[in-house]
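K.L.:
Take the sequence shown: its letters are residues 918 to 1341, numbered as in my numbering.
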Amino acid sequence: MAKVKIQDVEALDGGTASYGGAIEKIEIMRSMLRWANELERSQIDRLLNQLGTLREDLLRLSHTERFASLASEPVARKPQSNRERHAGLVEREFVFEGVFGESPKLLDAFEIAEKAAPTNLPVLIDGESGTGKELMAKVIHANGARADKPYVSVNCGAIPENLLESELFGHVKGAFTGASSNRAGRFESADQGTIFLDEIGEMPLIGQVKLLRVLQSAEIQRVGSDEVINVDTRIVAATNRDLKKMCAEGTFREDLYYRLSVINVTLPALRERPDEIPLLVEFFTDEAAESLGRRPIELSRSLRAFLKKYEYPGNIRELRNMIFRLSCLAEGTAGLEHLPEEIRPQGSGRKADKSRLEHEELSLAETKRLASDAAEKEYLEAGLFETGGNVTELAKRLDLNRAHLQTLLKKHGLKSKEFRPRKN
Ligand SMILES: Nc1ncnc2c1ncn2[C@@H]1O[C@H](COP(=O)(O)OP(=O)(O)OP(=O)(O)O)[C@@H](O)[C@H]1O
Ligand SMILES: [Mg+2]
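(1) Where does LEU1114 sit, in a helix, a strand or coil, going by DSSP?
(2) Using CA coordinates, which residue listed in GLU1278, ASN1307, LEU1184, ASN1037 is at the minimum distance from PHE1336?
(3) Since ARG1068 is in the beta strand (DSSP E), which residue starts that stretch and which ends it?
(4) Which full runs of the alpha helix (DSSP H) of 4+ residues lie inside the segment 1170-1250, going along the chain?
(5) Comparing alpha-carbon positions, which option in GLU1116, GLU1199, THR970, GLN1109 lies nearest ARG1151?
(6) Taking just the CA atoms, how far does GLU1084 sit from ILE1076?
(7) Taking 7 Å as the cut-off, is the C-beta of GLU1119 nearer than that to any heavy atom in ligand 2?
(8) CB-CB under 6 Å to GLU1119, same chain, minus the five flanking residues each way: which ones, in chain order?
(9) Cβ atoms of VAL1071 and LEU1114: under 8 Å apart, would you say?
(10) Taking the C-alpha atoms as reference points, what is the distance between LEU1256 and LYS1328?
(11) With distances taken between CB atoms, is the gap from PHE1034 to GLY1061 smaller than 8 Å?
(12) Name the one or two DSSP bridge partners that ASN1147 has.
(13) Going by the beta-carbon positions, is the gap between ILE1117 and PHE1104 smaller than 8 Å?
(14) Quick check on ILE1214: buried or exposed, where buried means 16 or more other Cβ atoms within 10 Å of its Cβ?
(15) Could you check what DSSP says for GLY1047 in three-state terms: helix, strand or coil?
(16) My assumption, with CB atoms under 8 Å, is that LEU1173 sits in contact with LEU1129. Please give the rounded CB distance.
(17) Determine whether the beta carbon atoms of ALA1299 and ALA1222 lie at a separation below 8 Å.
(18) Counting pairs of Cβ atoms below 8 Å between the segment 1167-1181 and the segment 1038-1057, do you hit three or more?
(19) May I ask you to report which of helix, strand or coil DSSP gives LEU859?
(20) For a test of the three-state rule: what should DSSP assign to GLY1087, helix, strand or coil?
(21) Would you decide whether ALA1155 is buried or exposed? Buried here means 16 or more other CB atoms lie within 10 Å of its CB.
(22) Between which residues of its own chain and ILE1029 is the CB-CB distance below 6 Å, once the five residues before and five after are set aside?
(23) With which residues is ARG1100 paired in a DSSP beta bridge?
(24) Hey, would you say the C-beta of SER1020 is under 7 Å away from at least one heavy atom of ligand 1?
(25) Less than 8 Å separating the beta-carbons of LEU1236 and LEU1187?
(26) Using the beta carbon as the reference atom, which residues fall closer than 6 Å to any heavy atom of ligand 1, ordered along the chain?
(27) Along the alpha helix (DSSP H) that carries HIS1003, what are the first and last residues, could you check?
(28) Going by the DSSP bridge assignment, what does ALA1155 pair with across the sheet?
(29) Which one of PHE1093, HIS1003, THR1202, GLY1102 has the shortest CA to CA distance from PHE1086?
(30) Could you check how far apart the C-beta atoms of GLU1014 and ALA1059 are, in whole angstroms? I think they sit under 8 Å.
(31) Could you round the C-beta distance between GLN1125 and PHE1169 to whole angstroms and report it? I think they count as a contact, below 8 Å.
(32) Taking the Cβ atom as the reference point for each residue, do LEU976 and ALA939 lie within a distance shorter than 8 Å?
(33) Is the beta carbon of SER1217 sitting closer than 8 Å to the one on GLY1252?
(34) Looking only at its own chain, which residues have a Cβ that is under 7 Å from the Cβ of TYR1229, when we skip the five neighbours before and after it?
(35) Is the Cβ of ALA1312 closer than 8 Å to any Cβ of chain D?
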């Protein structure tokens, strides 16, 4: 073939409906180019146009194919139990940094963190207070290539507005009153590593603008200096605020929100994973015992029932603090009476009779009666927690007549409505 004929090139015009068609066109182009001695400018332009169309077609086809495979994926993928998903993470040497749990939502968060960690993409962690956002930021750092580089944590809510810029980006001597020497900011300290911007929702708008600039250009300037400094810092941010709502209200910049939340990790509230409470209780009981230097406490049946039903507005932090408190106050066995007053159901956990048992000289009959009463009360309390204060349900479980159960509750000063779930 001495010269490419115009009709050969024309034959390639138009869209392509299948991979087979696209590959055929590519083959024709290849052979045309291989055999052509020279191409005219118009033919080159036309070939370039056709290549452009072909590229678009291929992108479209691959997009359709990706969606087709995604749609069929749930059928194809074998469902995994929570245990298997957790074991998979362990096998892949995922670093948990002490984050404990196997609930599906937490596993989702771990798996997103696992994929995000080796990249440099910004991650936004959200979740209620005390759900482990700070721990998760450390998990992301620890599982990435920057693990042995600095991890710098900044609480955006704790820095006064006028110091924010200098805190983040540093300053030069004389930049403002009190700037007596040059100082590097947190971004420079975190160079090569990760910066954790905690409570990002508390950052004032002016700081948000500055932060956006860093995200766009990976450059900073110390306050009072014209020098531009390149920083290679991976950003992980966290918030317990609804940033989307703040964007709508104009208190958080939408462009910043989208840049920060390239990857989003949401941590579940503790009340969404009550099945894990007993395991967490055990975990924190051991931790508390170790840090207090004493034997792990036992928990009374009613206390265990309470801990399982409680709503935890302060999430895992609240549970952990509670266990530390119980471990400190209780001797041997912790009961409802060791709970903070504001969350303890009224009438529960009064241990007057128990204390009589421990401290008074009583007859055998009296001792037996008091011990039996205390055990009965404990049993009823636990049942009330377990049923959420539903007396009919409890009567059924205990195989007792409802009226008789009411009498027993009254005898022990237990009010069923005190055991109904609290709305936070
Ligand atoms: N899944 C978990 N396993 C074990 N400990 C946890 C877990 N999640 C949180 N904790 C513990 O709970 C406490 C609170 O966690 P963290 O400070 O990470 O929460 P947070 O979401 O950042 O809270 P806040 O919004 O109040 O800043 C810490 O002591 C942490 O060690
Ligand atoms: Mg935090």
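Where a beta carbon is used, it is the ideal one built from N, C-alpha and C, also for glycine.
Please read these numbers as outputs of a predicted model, since none were measured by experiment.
P.N.:
Taking the coordinates as given:
(1) Of the three classes helix, strand and coil, the one that applies to LEU1114 here is strand, per DSSP.
(2) The candidate whose alpha carbon is nearest that of PHE1336 is ASN1307.
(3) The sequence as given places Tyr at residue 1068; Arg does not occur at that position. Here the beta strand (DSSP E) through TYR1068 covers 1068-1072.
(4) 1171-1177, 1194-1209, 1218-1226, 1232-1246
(5) It is GLN1109 whose Cα lies nearest to the Cα of ARG1151.
(6) 8 Å
(7) no
(8) Shown here for GLU1119: same chain residues with a beta carbon closer than 6 Å to its own, the five before and five after excluded, namely CYS1073, GLY1074 in chain order.
(9) The Cβ-Cβ distance between LEU1114 and VAL1071 falls below 8 Å.
(10) C-alpha separation (whole angstroms): 22 Å.
(11) The sequence given here has Ala at residue 1034, not Phe. For ALA1034 and GLY1061, yes; Cβs fall inside 8 Å.
(12) GLU1136
(13) no
(14) buried
(15) coil
(16) Going by Cβ atoms, the distance from LEU1173 to LEU1129 rounds to 5 Å, so yes, they are a contact pair.
(17) yes
(18) yes
(19) Residue 859 cannot be examined here, being either before or after the span of the chain that is shown, 918 to 1341.
(20) strand
(21) buried
(22) Excluding positions up to five away in sequence, the list reads VAL1182.
(23) HIS1088
(24) The beta carbon of SER1020 sits no closer than 7 Å to any heavy atom of ligand 1.
(25) yes
(26) GLY1015, VAL1016, PHE1017, GLY1018, GLY1044, SER1046, GLY1047, THR1048, GLY1049, LYS1050, GLU1051, LEU1052, ASN1157, ILE1233, ARG1234, ARG1237
(27) 999-1008
(28) ILE1042
(29) The candidate whose alpha carbon is nearest that of PHE1086 is GLY1102.
(30) 6 Å
(31) Taking a contact as a CB-CB distance under 8 Å, the pair GLN1125 and PHE1169 counts as one, their CB atoms being some 7 Å apart.
(32) At least 8 Å separates the beta-carbon of LEU976 from that of ALA939.
(33) yes
(34) LEU1187, ARG1188, GLU1235, LEU1236
(35) Absent from the structure is chain D; it holds one protein chain and no more.
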